[in-house]
Amino acid sequence: MTFWIDTHCHLDAAEFSADLGDVRARASAQGVAHCILPAVAVGNFEAVRLLAHRFSDSYALGIHPLCVPGAQEADLQTLDAELSLRRDDPRLVAVGEIGLDYFEPALKQSLMRERQEFFYREQLKLARQHGLPVMLHVRRSADKLLKHLRELKPGGGWRGIGHAFNGSEQQANEFIKLGLKLGFGGNVTFDSALQIRRLASRLPLEALVMETDSPDIPPHWRYRTAAQREDGQGQGRNEPAELPRIAGVLAQLRGLTPEALARATTANALQAFPKLQGLMPC
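Residue numbers for the sequence shown, in the numbering used here: -7 to 274.
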């Protein structure tokens, strides 16, 4: 069977609370051998850790930019302490999900932009201090993310992923130059996502990893339009089992077999998160 790594999914989300075991079992049955579960705030550090151990997956610890308004500076000390405490945990593979979000109106205001940057920069410092890769939230913020990555670059360079990448090709190449891989998921399944599909088909294959961002960013076959939602149809829930079908779209865009894409993106994920190498099935 072809094996896949879902490099970004939120299995601790409330949407999965009723059938989480079945969700993970479906993913395994579809060849998703491993999932990486990023935290979003100190309140779910323990949840992602326990789930990663329960399902033989892995996790990342960090404070998401959408959670910055409710975060305290003391949370950075908590993150530092937790990274130290879990230093020898083979399933802790990165600092994340961290980054900047200049899409949400409340986060675009001057004071909140500055606060986001402070938390992002401090978490980059912690990743560098603890020798861990980063899992980056990139939403209309690529240039500012790159600025801080350059200023704080570790001696050996960065490792990690620009999650759900949606910037320009020039920006993409700058992330790649810094050592990062770029994550693609359900967005590539939409014919209207011209820029994302162009990037996914043109960027170097060795720079790509697969992700779902479950339960968010559903592929087109699970997506419901605003009109459909107003008509009472619930938004379709994304889950890791969708990854192979999503990847099939990307493979077609690149003129590859799904097997070739699986081999390449799995190898890329292992480069992005070196601790995964000891966790993957033989």
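Yeah, the Cβ is synthetic: ideal placement off N, Cα and C, and Gly gets one too. Fair warning: this is a prediction, and the values are worked out from it, not measured in the lab.
Within the segment 1 to 72, the complete alpha helix (DSSP H) runs of at least 4 residues fall at 12 to 21 and 37 to 46. Listed in chain order, the alpha helix (DSSP H) elements of length 4 or more contained wholly in the segment 70 to 112 are 97 to 100. Annotation for residue 93: 57, 58, 99, 108, 129, 131, 132 and 133 place their beta carbon closer than 8 Å to its own, counting only its chain and skipping 5 residues before and after.
Classified as buried, residue 115 has 16 or more neighbouring CB atoms from the shown chains inside 10 Å of its CB. Counting the other CB atoms within 10 Å of its CB gives residue -4 a total of 16 or more, which places it among the buried residues.
For residue 265 and residue 151, the gap between their C-alpha atoms comes out near 7 Å. With contact defined as three or more Cβ pairs closer than 8 Å, the segment 157 to 169 and the segment 206 to 217 are not in contact.
One Cα belongs to residue 3, the other to residue 14, and the distance between them is close to 12 Å.
In this structure, DSSP gives residue 135 a helical state, which the three-state scheme calls helix. Look at the beta carbons and you see the segment 193 to 200 not touching the segment 226 to 234: under three pairs across the two are nearer than 8 Å.
A residue is called buried once 16 or more other Cβ atoms fall within 10 Å of its Cβ, and residue 110, having fewer, is exposed. Rounded to whole angstroms, the separation of the alpha carbons of residue 236 and residue 250 is 8 Å. Under the three-pair Cβ rule at 8 Å, the segment 63 to 80 counts as touching the segment 15 to 35.
Straight through space, the alpha carbons of residue 19 and residue 230 are spaced by roughly 11 Å. Residue pairing by DSSP places residue 159 in no beta bridge whatsoever. Comparing alpha-carbon positions, the option among 72, 181, 163 and 221 lying closest to residue 173 turns out to be 163. The Cβ atoms of residue 245 and residue 184 lie no closer than 7 Å to each other.
Rounded to the nearest angstrom, the gap between the Cα atoms of residue 210 and residue 87 is 24 Å. In summary, residue 243 is buried, with 16 or more beta-carbon neighbours lying within 10 Å of its beta-carbon over all protein chains present. Of the residues assessed, residue 45 falls on the exposed side of the cut-off, its CB having fewer than 16 other CB atoms within 10 angstroms.
Exposed is the label assigned to residue 6, since fewer than 16 other Cβ atoms lie within 10 Å of its Cβ. A residue is called buried when at least 16 other Cβ atoms come within 10 angstroms of its Cβ; residue 38 does not meet this threshold and is exposed. Rounded to whole angstroms, the gap between the alpha carbons of residue 22 and residue 106 is 43 Å.
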